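*Asks:* In terms of our numbering, the sequence shown is residues 3 to 313.
All residues carry an ideal CB built from backbone N, CA and C; glycine is no exception.
Remember, it's a predicted structure, so these values are computed and weren't measured experimentally.
Okay, here's the structure, questions in a sec.
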Amino acid sequence: MDGTKTKKKKKDEEEVHLRREIGLLSAMSFIIGTVVGSGIFIAPKGVLLNSGSVGLSLLVWALCGVLSLCGALCFAELGTTFTKSGGQYIYLLETLGPLPAFVCLWADFFFIQLTFANRAFQAIAPVIPVLVALSCLGALNGGIFGSPRMQFVGGREGHWPRIFSMIHIRRRTPLPAVMLQYPLVVVMLLRGEIYKLVNFASFSRWFFIALATLGMLIHRYRFPLHPRPFKVPVAVAVTVTVVCFFIVGLSLYSDPWSTGCSCALTLSGVPVYYVTVYRFLLPKRFRRIFNYFSEQLQILLEVAQQEVQTY
């Protein structure tokens with residue numbers, strides 16, 4: 003019996019696939035580091051200046067805390083209903099279909115770089131306290147861990163180049179998807195206008211949170227018998243959806259230029275989806291060149307498709 007278990011364990015170690023090996027303590031540290039981030043050290047000043055009083059600013063923080071809790075409960079239901087990696091991409095794919103999921107993936111490719119650049123910029127700034135820098139690095143680590151998984155799953159589902167669905171044969175990490183994050187981050191850091199860039203990205207973030215909770219409600223209506231280990235009250239999901247769409251509309255009203263550009267960049271994923279995924283209208287010569295470079299990258303990075311399908 004012990005020999006069989008040993009052989010099975012050895013075979014599992016030799017197979018190329020992502021592993022679920024985050025323990026309880028590591029998971030708690032990861033979540034806390036991601037949640038705290040750098041915003042808690044920056045946002046209070048802006049909230050106090052715009053609210054005009056300490057009491058009103060505390061009320062704003064309390065309401066935002068309630069909204070965050072409701073949103074977290076909605077995502078807890080989505081996460082327990084669809085037990086696959088990929089985050090919002092998978093939730094939209096399973097509830098609203100491939101087009102919203104692809105647009106989310108497309109927007110994530112651009113806008114997650116802005117968040118990375120913001121956190122990296124703050125983490126290396128020489129004037130901030132050491133603890134704040136460590137908090138920023140914790141949030142940066144969470145982003146590097148989470149976002150490449152979305153690109154990885156997009157490649158696995160056929161919405162992204164296949165090279166991004168491959169993992170390193172020894173380290174068992176989605177190396178191409180991780181490396182995809184860096185070029186645009188460097189460009190954003192060189193620009194220096196970090197805060198404007200992050201405000202530019204907020205439209206996409208709230209828009210897809212609203213779509214995810216809306217998709218959850220639609221999926222409940224269409225598939226009432228689907229197993230759901232955890233369910234939030236409908237009123238909570240409706241409230242989160244309405245508030246998120248309200249924030250999107252308020253962003254368009256308060257800063258139409260930046261939000262309009264963000265909206266245009268997000269919606270540019272629709273024609274890209276039509277050409278590259280839905281109809282696959284890419285010329286054959288382009289496909290051959292792309293496949294050649296993908297093969298060379300696969301050799302250079304020492305990556306391969308998963309031998310065991312994991313979710």
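1. For residue 26 and residue 75, I'd like the C-alpha separation in whole angstroms.
2. Taking DSSP as the reference, what is the three-state secondary structure of residue 33?
3. Helix, strand or coil for residue 305? Go by DSSP, reduced to three states.
4. Is it buried or exposed for residue 108, if we count other Cβ within 10 angstroms and need 16 for buried?
5. Just the Cα atoms here: how many angstroms apart are residue 305 and residue 180?
6. Apply the 10 Å Cβ neighbour rule to residue 153 and answer buried if 16 or more other Cβ atoms are within range, or exposed otherwise.
7. Using C-beta distances below 8 Å, list every residue in its chain close to residue 78, excluding the 5 sequence neighbours before and after it, in chain order.
8. For residue 147, which residues of its own chain have a beta-carbon under 8 Å away from its beta-carbon, when the five flanking residues on both sides are left out?
9. What are the start and end residues of the alpha helix (DSSP H) that includes residue 96?
10. Would you be able to state if there are at least three C-beta pairs under 8 Å between the stretch 210-221 and the stretch 235-246?
11. What does the alpha-carbon distance come out to for the pair residue 222 and residue 287?
12. Whether or not the stretch 50-67 and the stretch 168-184 are in contact is what I'm after, with contact meaning three or more pairs of Cβ atoms, one per stretch, closer than 8 Å; do they touch?
13. Looking at the structure shown, is residue 170 part of a helix, part of a strand, or coil, going by DSSP?
14. May I have the straight-line CA-CA distance separating residue 87 from residue 100, to the nearest angstrom?
15. Measuring CB to CB, does residue 82 end up less than 9 Å from residue 230?
16. Please report the residue range of the alpha helix (DSSP H) in which residue 234 lies.
17. Looking only at its chain, what residues have a beta carbon closer than 7 Å to the beta carbon of residue 72, apart from the 5 residues adjacent to it on each side?
18. Rounding to the nearest angstrom, what Cα-Cα distance links residue 57 and residue 80 in this structure?
19. Between residue 92 and the rest of its own chain, which residues show a CB-CB distance below 6 Å, the 5 nearest in sequence each way excluded?
20. In chain order, what residues of the same chain lie with their CB nearer than 6 Å to the CB of residue 208, ignoring the 5 residues before and after it?
21. Could you name the residues of the same chain whose beta carbon sits closer than 8 Å to that of residue 59, not counting the 5 residues immediately before and after it, in chain order?
22. Hey, residue 220 and residue 98: beta-carbon distance below 9 Å or not?
23. What do you reckon, are the CB atoms on residue 282 and residue 163 nearer than 9 Å?
24. Can you list, in chain order, the residues of its chain whose CB lies under 6 Å from that of residue 61, leaving out five sequence neighbours each side?
25. Just the Cα atoms here: how many angstroms apart are residue 30 and residue 296?
26. I want to check one thing, is the minimum distance from the CB of residue 77 to the heavy atoms of the ligand PLP below 8 Å?
27. How many angstroms separate the CA atom of residue 161 from the CA atom of residue 55?
28. Note down the Cα distance separating residue 157 from residue 20, rounded to an integer number of angstroms.
29. Check whether the Cβ atoms of residue 167 and residue 308 lie closer than 9 Å to each other.
30. How long is the line joining the alpha carbons of residue 299 and residue 268, rounded to whole angstroms?
*Replies:* In brief:
1. When rounded, the distance between both Cα atoms is 20 Å.
2. helix
3. strand
4. buried
5. 12 Å
6. buried
7. 232 and 234
8. Counting only Cβ-Cβ distances below 8 Å, and skipping sequence neighbours, we find 32.
9. 90-97
10. Counting Cβ pairs under 8 Å, three or more are found: they touch.
11. 44 Å
12. no
13. Here residue 170 carries a strand assignment [DSSP, helix/strand/coil].
14. 16 Å
15. yes
16. Taken as a continuous stretch (DSSP letters only), residue 234 belongs to no alpha helix (DSSP H), as it is neither H nor E.
17. 238, 241 and 242
18. 35 Å
19. So the list reads 84 and 86, once near-sequence residues are dropped.
20. 246, 249 and 250
21. 46, 49, 50 and 53
22. yes
23. No, these two residues do not count as a Cβ contact at 9 Å.
24. none
25. 37 Å
26. As presented, the structure is devoid of all ligands, the ligand PLP included, so that no description of it is given.
27. 48 Å
28. 14 Å
29. yes
30. 28 Å
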